[in-house]
Amino acid sequence: AIVVATGRGGDDGHFLTMEDKPLLVSSSEPALLVQPQGDAAAKRSMAKASAVMVAVVVAAMVGVTMLAGMSTQTITTTGQLVQSASADVDCDTVVYMTTDKKCNSYDSPVLSGFDVTEYFSLDYDAGDEAVQGLDEYTATYMGYTFYFASSANRALFEANPSLYAPAYGGFCAYGVSGYDGNNFMTKQTQLWSTPVDVNEYAVIDGTLYMFRGSDAREFFVESSDTDISGGDGLWSSWFGECAGFFNTECYM
Numbered sequence: 067a068i069v070v071a072t073g074r075g076g077d078d079g080h081f082l083t084m085e086d087k088p089l090l091v092s093s094s095e096p097a098l099l100v101q102p103q104g105d106a107a108a109k110r111s112m113a114k115a116s117a118v119m120v121a122v123v124v125a126a127m128v129g130v131t132m133l134a135g136m137s138t139q140t141i142t143t144t145g146q147l148v149q150s151a152s153a154d155v156d157c158d159t160v161v162y163m164t165t166d167k168k169c170n171s172y173d174s175p176v177l178s179g180f181d182v183t184e185y186f187s188l189d190y191d192a193g194d195e196a197v198q199g200l201d202e203y204t205a206t207y208m209g210y211t212f213y214f215a216s217s218a219n220r221a222l223f224e225a226n227p228s229l230y231a232p233a234y235g236g237f238c239a240y241g242v243s244g245y246d247g248n249n250f251m252t253k254q255t256q257l258w259s260t261p262v263d264v265n266e267y268a269v270i271d272g273t274l275y276m277f278r279g280s281d282a283r284e285f286f287v288e289s290s291d292t293d294i295s296g297g298d299g300l301w302s303s304w305f306g307e308c309a310g311f312f313n314t315e316c317y318m
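Residue numbering for the sequence shown follows this note's numbering, beginning at 67 and increasing consecutively.
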C-alpha cells in the first residue's frame with residue numbers, strides 16, 4: 067500500500083499530493099497557465115516557476131485528508147514488471163505495475179471506451195465530439211482493451227494499432243510536455259494529475275493527442291514542435307522504445 071499525504075486545494079474538491087508535488091487537477095480553466103514562448107528553455111523555466119507557485123498556494127492550506135475518489139492501493143500484475151526504460155524488455159509482452167496514481171488499470175478500456183480511430187475523421191473546429199465505442203467491438207493492444215463503434219473501425223485498429231493509439235498513453239499531452247505551468251511532471255505517479263476530456267483532441271502529423279481542456283489544447287497546438295519534443299523526451303525516459311501504459315481511469 068502507498069500512504070499519501072494530501073492537501074486540500076479548494077472547495078471544488080481537487081487536491082495536491084505533497085509526495086509528488088507540484089500537482090494540480092482542475093476541471094475548470096486553470097488560473098496559472100504558461101503562454102508558448104519562442105525559446106524552449108525559457109518556456110520550461112516559466113512552467114516550473116508557475117508550478118511551484120501553485121504548490122505554494124495550495125500547500126498553505128494543507129490539511130491531511132483522504133484523496134477524493136482515488137484509492138492508494140498498489141495492484142501488482144503478473145508477468146514481467148517494468149518501472150524504467152533501462153530494463154531489457156520485449157515491448158510486445160511487457161506488463162506494467164498498476165496503481166490509481168498512474169490511472170493504468172488493465173481492467174478498464176482505454177479512454178473510457180471511446181473509439182480512437184474515429185478521432186482521425188473528426189473536425190474539432192466544427193465541434194465534432196468523440197464517438198463512444200461498444201463492448202461488442204474490442205481489440206487488445208499492449209495488454210489494454212480498446213472499444214470501437216464498428217467492426218470496420220476495429221479492423222482498422224488491428225491492422226496498425228500504433229497509428230491509432232493516442233500519444234503518451236492518452237494522458238493530457240500538454241501536461242506531459244513539460245511546459246504546463248499548472249503541472250510540471252517528473253514521475254509516472256503524477257499521471258493521475260493529467261486527466262483528459264475525451265472531446266479535447268488534436269491529430270498532428272498523423273498522431274492523436276488528448277488534452278484536459280481547450281486551454282491546454284490551444285497552447286499545445288500553438289507550439290506543437292516544442293511541446294511534442296518535450297513530451298516525447300519525458301515519455302521515452304520512462305518507457306524507452308515501448309508504447310508505455312494507457313489511461314484507463316482519469317478523465318474530466
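Cβ atoms here follow ideal geometry from the backbone N, Cα and C, with glycine treated the same way.
Would you call residue i buried or exposed, if buried means 16 or more other Cβ atoms sit within 10 Å of its Cβ?
i	result
residue 266	buried
residue 299	exposed
residue 249	buried
residue 244	buried
residue 219	buried
residue 291	exposed
residue 206	exposed
residue 157	exposed
Grab me the residues of residue i's own chain with a C-beta within less than 6 Å of its C-beta, minus the 5 sequence neighbours each way, in chain order.
i	result
residue 319	This structure cannot speak to residue 319, because the chain is shown only from 67 to 318.
Can you tell me where the alpha helix (DSSP H) holding residue i begins and where it ends?
i	result
residue 248	Residue 248 -> no alpha helix (DSSP H), and no H or E assigned at all.
residue 185	Careful: residue 185 lies outside any alpha helix (DSSP H) and carries neither H nor E.
Tell me the residue span of the beta strand (DSSP E) that contains residue i.
i	result
residue 212	210-214
residue 277	273-277
residue 231	Taken as a continuous stretch (DSSP letters only), residue 231 belongs to no beta strand (DSSP E), as it is neither H nor E.
Leaving out five residues before and five after residue i in sequence, what residues of the same chain have Cβ atoms less than 7 Å from its Cβ?
i	result
residue 209	161, 172
residue 190	267, 268
So the candidates are the options; which of them puts its Cα closest to the Cα of residue i?
i	options	result
residue 195	259, 308, 282, 268	268
residue 314	177, 166, 253, 167	177
residue 262	203, 180, 156	180
residue 318	223, 158, 264	264
residue 259	271, 274, 242, 309	242
residue 274	304, 286, 229	229
residue 247	204, 302, 285, 175	285
residue 214	307, 287, 200	200
Leaving out the 5 sequence neighbours to the left and right, which residues in its chain are closer than 8 Å to residue i when beta-carbon positions are compared?
i	result
residue 316	169, 237, 257, 258, 260, 261, 262
Below 8 Å, how does it come out for the stretch 277-284 and the stretch 221-240: are there three or more Cβ pairs, yes or no? yes
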